[in-house]
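Since the structure comes first, as structure tokens, the remarks are kept for the end.
Number of protein chains: 2
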Amino acid sequence: MRTKSSQKREALLEATLNLVNNNGFHAAPMSKIAKLAGVSPATIYLYFKSKQDLINQLYINSKIAFTEEAFVNYHESMPVKKGFELIWFNIANYKIKQTCASSFLAQCETTPMIDSKIREEALEYFKPLLQLWERGQQEEIIKPIASHILYANAIYPLTFLLSSHKRGDFILDQEQLKIAFKAAWDSIKL
Amino acid sequence: MRTKSSQKREALLEATLNLVNNNGFHAAPMSKIAKLAGVSPATIYLYFKSKQDLINQLYINSKIAFTEEAFVNYHESMPVKKGFELIWFNIANYKIKQTCASSFLAQCETTPMIDSKIREEALEYFKPLLQLWERGQQEEIIKPIASHILYANAIYPLTFLLSSHKRGDFILDQEQLKIAFKAAWDSIKL
DNA sequence: AATTCTAAAATGAATGTTCATTCTTTTTAG
DNA sequence: CTAAAAAGAATGAACATTCATTTTAGAATT
Chain P
0 MRTKSSQKRE ALLEATLNLV NNNGFHAAPM SKIAKLAGVS PATIYLYFKS KQDLINQLYI
60 NSKIAFTEEA FVNYHESMPV KKGFELIWFN IANYKIKQTC ASSFLAQCET TPMIDSKIRE
120 EALEYFKPLL QLWERGQQEE IIKPIASHIL YANAIYPLTF LLSSHKRGDF ILDQEQLKIA
180 FKAAWDSIKL
Chain R
0 MRTKSSQKRE ALLEATLNLV NNNGFHAAPM SKIAKLAGVS PATIYLYFKS KQDLINQLYI
60 NSKIAFTEEA FVNYHESMPV KKGFELIWFN IANYKIKQTC ASSFLAQCET TPMIDSKIRE
120 EALEYFKPLL QLWERGQQEE IIKPIASHIL YANAIYPLTF LLSSHKRGDF ILDQEQLKIA
180 FKAAWDSIKL
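Line by line, the protein sequences give chains P and R. Using numbering that gives the first Met the number 0, the first residue of the first sequence is number 0, and each one after it goes up by one. Using numbering that gives the first Met the number 0, the first residue of the second sequence is number 0, and each one after it goes up by one.
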């Protein structure tokens, strides 16, 4: 297995991302992935144990890139609402910029294709947001309810807006984003 | 092509639902679908043109069943909040009862496997909710914002809660449901 | 500096399997 | 007896993965 930072490895991950996105998991055969990445099918197996391994690693990779963006400029010393607003817009803008990566992730959340172990691993990276919410609850700014409900109402709606945006049903510009943020905040604020 | 209401047809749709749910689209071969439904693989083609057709029809079927449940006991003469509450709980309870069907639908929303024509067809059935929201906006009870944002914040969170529930990360009982409803309502009410 | 050598990297062509779909035959029911 | 319904076996394509071989890059030797 080759080093984790190789041009070919990256090209293979990106090729997989594009194929899965445009046609779904079922239409991303190794032969096409190889062709799109400009390598031989056999070469894939120098970098990944199997197709499942390739998918898992793409998922982890994408999730890490996503969460890193989510917390850019965030610091625990920020006021709760400011912090949430920053994180929320970080996520929204990342999703708008990186349509491919985020719709791949959306697909991963609902498909049984991703190993649950890998899924749990990715959850770790979201802790700062949960901690922010806890702080908000202590300060009586945020509703004292389960973090799952907070997430479902404050963050998850973005997934729907983005997929509508991608489909072209709805244009998610900065103005609509502000409106959506208010709805999100209203659902979790005390 | 056989009549739309045949025992075998129903059995095939149900078999497909179960297989897709437990293992994803990629692990639902026609041979397994046939075996689970207790028929020969060849028989599937008496009822469906192709695998794609089978999937499309299962999607439409499930979507219709879902939306029918959503509007049980609803009438346009109801007050806006009461009407929304009724529909919201109808949806939530359907999702809890029919875990299989609803997680299949969740998978369909994010995968490019479903033809967009079929997808549009399914949208039609949701009109009464959009009309309720319009009425609410006229009566200045509901925020004057795009229906996509309303849906994203008021209904879509249920999809996340249900998939957490199914995974076992979070128990969505009637008490949590009430809390989640309040969050949903707070996000769209004026 | 040119040549030789070597191990890693990469490849194209097999391999064996799985799958959707079809063909031919048999069963069923009226 | 017949036409519809169903079946099992067959077909051919697509696929993930592996195999045997070639290419590459750079170190070692002249």
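Built from N, CA and C at the ideal position, the CB exists for glycine as well.
- Three or more beta-carbon pairs drawn from the region 153-161 of chain P and the region 149-165 of chain R are found closer than 8 angstroms, and the two stretches are therefore classed as touching.
- As DSSP reads the structure, Lys188/P sits in a beta bridge with Ile141/P.
- Look at Met112/R: its C-beta is under 8 angstroms from a C-beta on chain P.
- DSSP places Leu104/P inside the alpha helix (DSSP H), whose first and last residues are 98-109.
- Listed along chain P, no residue sits closer than 8 angstroms to Thr66/R by beta-carbon distance, the nearest being about 17 angstroms off.
- For Ser30/R, not one C-beta of chain P is nearer than 8 angstroms to its own C-beta.
- In terms of Cβ geometry, Thr109/P and Thr109/R form a close pair [threshold 8 angstroms].
- Under the criterion of beta carbons closer than 8 angstroms, Asn20/P and Ser102/P qualify as touching, at roughly 6 angstroms.
- If you draw a straight line from the Cα of Ser186/P to the Cα of Ser5/R, it comes to about 46 angstroms.
- In terms of beta-carbon proximity, Asn152/P lines the interface with chain R, with at least one pair separated by less than 8 angstroms.
- Exclusion of the five residues before and after Ile140/R leaves Val79, Lys80, Lys188, Leu189 as the residues of its chain whose Cβ lies within less than 8 angstroms of its Cβ.
- Note on geometry: alpha-carbon atoms of Ser146/R and Lys48/P lie some 45 angstroms from one another.
- Pairing Arg118/P with Pro28/P, the inter-Cα distance amounts to about 23 angstroms.
- Taking the C-beta atoms as reference points, Ile59/P is found no nearer than 8 angstroms to Glu13/P.
- Rounded to the nearest whole angstrom, the C-alpha separation of Lys96/P and Ala183/P is 20 angstroms.
- Counting C-beta atoms within 10 angstroms of its own C-beta, Ala69/P has 16 or more neighbours from the protein chains shown and is therefore classed as buried.
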